[in-house]
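**Q** One structure follows; several queries about it will come next.
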Amino acid sequence: MKKWMVIFSTVPFLLLTGCSSFESVNNTLTYANEATDYVNEAITFADEVPSLAEQAVSNLQAAKELETKLEEMKKDIEEFNVLQSPDMAADLHQQLVEQNNKVLDGIDLYLKNMEDGKLDPAIVENTEMFKSIQEIAGIIDQIKQLGK
């Protein structure tokens, strides 16, 4: 009788432990997917903004579109920075947050220049912002490995 009691009391424990592992894997995959989506957005942003900045110098509509893209990217960065990463991705997430903060500084600088009437496409291309986005893009391969 005692054997059966031990077996029946052990089975739920084993099932709960398995669920915890499954949840950890699921959280890691979810984070990897969200991070990959975010990095892809950052890459698209980096591809589109320089030419849009050039157009914005002489085109009011392009200037408005540029401001919108900068504001949207800023919002996306802020949302990503507060994303809860799984323990195994904590270092990668911290690297992304550090690069994101540099991008935020670049966006804020460009938005301030726009407010001051100083639209210069060279500022966009030479800022730390795009160097940081390249760094972010380099981290994507490491993030994809989490999902495997």
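In the working numbering, each residue's number is its place in the sequence shown (first place is 1) plus 15.
Glycine is no exception: its CB is placed at the ideal position from the N, C-alpha and C atoms.
Remember, predicted model here, so these are calculated numbers, not experimental data.
Quick check: the Cα distance between Val112 and Leu81, rounded to an integer number of angstroms?
**A** Taking the straight line from one Cα to the other gives about 23 Å.
**Q** What residue range does the alpha helix (DSSP H) around Asn116 cover?
**A** Ala105 to Glu130
**Q** Could you check which residue in Leu98, Gly132, Leu119 and Leu126 has the C-alpha nearest to that of Thr45?
**A** Leu98
**Q** Taking the beta carbon of Gln160 as the centre, do at least 16 other beta carbons fall within 10 Å, making it buried, or is it exposed?
**A** Burial is judged here by how many other beta carbons sit within 10 angstroms of a residue's own beta carbon; Gln160 has fewer than 16 and is exposed.
**Q** Taking 7 Å as the limit between beta carbons, can you name the residues of its chain near Ala71, skipping five residues before and five after?
**A** Ala77, Ala78, Leu81 and Leu134
**Q** Helix, strand or coil for Lys8? Go by DSSP, reduced to three states.
**A** Coverage of the chain is limited to positions 16 through 163, which leaves residue 8 absent and any answer about it impossible.
**Q** So, is Gly121 buried or exposed, given that buried needs 16 or more other C-beta atoms within 10 angstroms?
**A** buried
**Q** Anyone know if the C-beta pair for Val118 and Ile158 falls short of 8 Å?
**A** no
**Q** Return yes when the Cβ of Glu150 is within less than 8 Å of the Cβ of Gln114, no when it is not.
**A** yes
**Q** Can you tell me the Cα-Cα spacing of Ile154 and Ala61, whole angstroms?
**A** 15 Å
**Q** Using CA coordinates, which residue listed in Tyr125, Leu124 and Ile92 is at the minimum distance from Gln109?
**A** Ile92
**Q** Going by beta-carbon coordinates alone, are Pro101 and Asn42 separated by less than 8 Å?
**A** Pro101 places its beta carbon less than 8 Å from that of Asn42.
**Q** Tell me which same chain residues have a C-beta within less than 8 Å of the C-beta of Lys90, skipping the five on either side of it?
**A** none
**Q** Taking 6 Å as the limit between beta carbons, can you name the residues of its chain near Glu143, skipping five residues before and five after?
**A** Lys117 and Gly121
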